[in-house]
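Asks: Before we start, here is the structure in question, set down as structure tokens.
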Amino acid sequence: MSKKLQLVEHASYWEIPIRGMAISRFIIDFTFLEIEVFEDFTLTFRFEGEFLFEAGGQERILTIADPPSLCPILTTLNRAIKLARFSKEGVLEIHLEDDSKFTVKPRYMVEAWELHSSVGLRVVCVPGGGLGIWLPK
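Every letter in the sequence shown is one number past the one before it in our numbering, and letter 87, counting from 1, is 89.
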């Protein structure tokens, strides 16, 4: 993959072109979870608060405030990404090749998620929904 990271715009969502890249690392703090992907560049997804995790036919609402609840996501370490996208209303979805999925919805009072990369891309889901997008130069 090129060191350039360009979002692909569709009618109702933006696609992040990282298909085939694997989840390389999790960073868990008492206020956030970061999921990192490395290749020619680094891409970091940061979740604050709660998110939906689907795996093995089960859906779980997980919260950063309860670190032991996050254990199921560890099974996705080194799993390849099938599709990563976010809606223009601010819903982030990360689909993995093993059919597990992360979903983060906008929150009223806080930035529910953000992503940033080592090549200049930054996207923030603003409180209440909507997006702030900074594209690489």
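We treat Cβ as the ideally placed atom computed from N, Cα and C, and that holds for glycine. Nothing here was measured: the structure is a model prediction, and the numbers come from that model.
1. Classify phenylalanine 116 as buried or exposed, calling it buried when 16 or more other Cβ atoms lie within 10 Å of its own Cβ.
2. Would you list the residues sitting across from isoleucine 29 in a DSSP beta bridge?
3. Just to confirm the assignment, what range does the beta strand (DSSP E) spanning arginine 48 have?
4. Counting only the same chain and skipping the five closest in sequence on each side, list residues whose C-beta sits under 6 Å from that of valine 121.
5. Have a look at glutamate 11 and lysine 107 and give me their C-alpha separation to the nearest angstrom.
6. Measuring straight from C-alpha to C-alpha, what distance separates proline 33 and leucine 133?
7. What is the DSSP secondary structure of isoleucine 66, counted as helix, strand or coil?
8. Does leucine 45 pass the burial test, meaning 16 or more other C-beta atoms within 10 Å, or should it be called exposed?
9. Measuring alpha carbon to alpha carbon, tell me which residue in Leu9, Gly58 and Thr77 is nearest isoleucine 37.
10. Quick check on this structure: which residue in Leu79, Glu91, Gln60 and Tyr110 has the alpha carbon closest to the alpha carbon of glutamate 50?
11. Rank Glu95, Glu91 and Glu41 by C-alpha distance to the C-alpha of alanine 13 and give the top, closest one.
12. Roughly how many angstroms lie between the CA atoms of arginine 62 and arginine 81, to the nearest whole one?
Replies: Per the coordinate set shown:
1. For clarity, residue 116 is glutamate in the given sequence; the question names phenylalanine instead. The residue is buried, with at least 16 neighbouring Cβ atoms inside 10 Å.
2. According to DSSP, isoleucine 29 shares a beta bridge with Glu36.
3. Residues 44 to 49.
4. Same-chain partners within the cutoff: Lys5, Leu7, Phe43 and Pro138.
5. Glutamate 11 and lysine 107 have their C-alpha atoms some 19 Å from each other.
6. In the sequence as presented, proline is not what sits at residue 33; that position holds threonine. For threonine 33 and leucine 133, the distance between alpha carbons rounds to 21 Å.
7. It is coil, neither helix nor strand.
8. Buried: at least 16 other Cβ atoms inside 10 Å.
9. It is Thr77 whose Cα lies nearest to the Cα of isoleucine 37.
10. Taking only the C-alpha atoms, the option nearest glutamate 50 is Tyr110.
11. Out of Glu95, Glu91 and Glu41, Glu91 has the C-alpha closest to the C-alpha of alanine 13.
12. Going from the Cα of arginine 62 to the Cα of arginine 81 covers about 19 Å.
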